[in-house]
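Colleague: If you read the sequence shown in the working numbering, its first letter stands for residue 1111, the second for the next number, and so on. Where a beta carbon is used, it is the ideal one built from N, C-alpha and C, also for glycine. Computed from a predicted model, the values in this text were never measured in an experiment. Before I ask anything, let me first share the structure, which is written out below as structure tokens.
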Amino acid sequence: AGSVCVQYSEQPTNNITYFQALSGINHLPEELKIYIPLFGAAITQFRTEMFDHRQFSELWELHTSGITAEAFTSAHYKSLLTYEQGVLFSSYCLNDNVSSMFNLWEELFCRYLPIDEQKLRTIINMAANKATMSVTDAGHMYAMRSASNGLTPAANLSEMFFGLTQVRFLNDVREKSDLSDAVMKLNKIAKLLLSSQSLRRCAVNTTSNALPMVSDDVKRFLLSLPGIPSDVSTLSEV
């Protein structure tokens, strides 16, 4: 794997450190991509080798803002046919909890276990209900996505992630009595995305006095991932 670029930005964040990491999904089989939003919802309930899903979730809440994983698409500003696709992981915490936060990221990336079917059913029901209700609350946004679908590759992907296609998909999955196929697909996504091969870049916003400590923790996390070389490249923005 190539080196991971980390951009550091010193900001008056009131002693809070913000972390984001982007994993690419270009290499994912097409049939898995529609599961990306569900993967983002399920990741907060993952188990690891050391913790069950409840313990792991409580640790995130104890030390951080929690974890988010969201589908990401961005068209190139010069070419409508060129775009970036991925999953954006993010969290933030008090500077005093930075080491704990990156310990949790390492636990997730290196020692996750597949989500169980019963827990997944609860997550799917919640996601399907939320998506269905959002059609009523923001129908114009769904109409805009449907209208732009097919104009560009990025618009097509955005409709699949955030449009009516995703709403129908979640409701279809909810109706299935057997979720073993969904569990298998989410596990495949986890294997492909929670790895150094998929990780493209990271961004960190923190205070100037915390930057040395934070950069050490970021590098420790990245070097814990298989395949990451010792020459993790960095960019600084003051």
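Leaving out five residues on either side along the sequence, give the residues of the same chain with a beta carbon under 6 Å from the beta carbon of Thr-1178.
Modeller: Translated into positions along the sequence shown, residue 1178 becomes position 68. Once the five neighbours on either side are set aside, the close Cβ partners of Thr-1178 are Ser-1200.
Colleague: Cα-Cα, which of Asn-1124, Leu-1190, Leu-1230 and Leu-1142 is closest to Phe-1156?
Modeller: Counting from 1 along the sequence shown, the entry for residue 1156 is found at position 46. Among Asn-1124, Leu-1190, Leu-1230 and Leu-1142, the Cα nearest to that of Phe-1156 belongs to Leu-1230.
Colleague: Please report the straight-line C-alpha distance between Arg-1330 and Leu-1214, rounded to a whole angstrom.
Modeller: Looking up residue 1330 in the sequence shown gives position 220. Looking up residue 1214 in the sequence shown gives position 104. Rounded to the nearest angstrom, the two C-alpha atoms are 12 Å apart.
Colleague: Does the distance from the CB of Tyr-1202 to the CB of Phe-1129 come in under 8 Å?
Modeller: The count along the sequence shown starts at 1 and reaches residue 1202 at position 92. The count along the sequence shown starts at 1 and reaches residue 1129 at position 19. Judged by their CB atoms, Tyr-1202 and Phe-1129 are nearer to each other than the 8 Å cut-off.
Colleague: Please list the terminal residues of the continuous alpha helix (DSSP H) segment that includes Leu-1198.
Modeller: Position 88 of the sequence shown, counted from the start, is the residue given in the question as residue 1198. Run containing Leu-1198: none in the alpha helix (DSSP H); it sits in the beta strand (DSSP E), 1193-1204.
Colleague: Quick check: what's the CA-CA separation for Cys-1220 versus Ser-1306?
Modeller: Locating residue 1220 in the sequence shown gives position 110, counting from the first residue. Locating residue 1306 in the sequence shown gives position 196, counting from the first residue. Rounded to the nearest angstrom, the two C-alpha atoms are 10 Å apart.
Colleague: Would you kindly work out how many angstroms separate the C-alpha atoms of Val-1197 and Asn-1319, rounded to a whole number?
Modeller: Here the question's residue 1197 lines up with position 87 in the sequence shown. Here the question's residue 1319 lines up with position 209 in the sequence shown. Roughly 30 Å separates the two Cα atoms.
Colleague: Rounded C-beta distance between Ile-1135 and Phe-1271? I'm assuming under 8 Å.
Modeller: Numbered from its first residue, the sequence shown carries residue 1135 at position 25. Numbered from its first residue, the sequence shown carries residue 1271 at position 161. Taking the Cβ atoms as the reference, Ile-1135 lies roughly 10 Å from Phe-1271, outside the contact range of under 8 Å.
Colleague: With 8 Å set as the bound, which would you pick, yes or no: does the beta-carbon of Thr-1316 sit closer than that to a beta-carbon of chain C?
Modeller: Checking the listed chains, one finds no chain C in this structure; it contains a single protein chain.
Colleague: State buried or exposed for Ser-1287, treating a residue as buried only when at least 16 other CB atoms are found within 10 Å of its CB.
Modeller: In the sequence shown, counting from the first residue as 1, residue 1287 sits at position 177. It is exposed - the Cβ of Ser-1287 has fewer than 16 other Cβ atoms within 10 Å.
Colleague: Give me whichever residues DSSP pairs with Arg-1157 in a beta bridge.
Modeller: Reading the sequence shown from its first residue, position 47 is the one you call residue 1157. DSSP lists Leu-1223 as the bridge partner or partners of Arg-1157.
Colleague: Quick one: what's got a C-beta closer than 8 Å to Leu-1296's C-beta in the same chain, skipping five residues either side?
Modeller: The count along the sequence shown starts at 1 and reaches residue 1296 at position 186. For Leu-1296, where only same-chain residues beyond five positions count, the Cβ hits under 8 Å are Tyr-1145, Leu-1148, Phe-1149, Ala-1152, Pro-1224, Ile-1225 and Leu-1230.
Colleague: Considering only C-alpha positions, which residue in the set Thr-1158, Arg-1278 and Gly-1260 is nearest to Thr-1242?
Modeller: Counting from one through the sequence shown, the residue named residue 1242 turns up at place 132. Comparing Cα positions, the closest option is Arg-1278.
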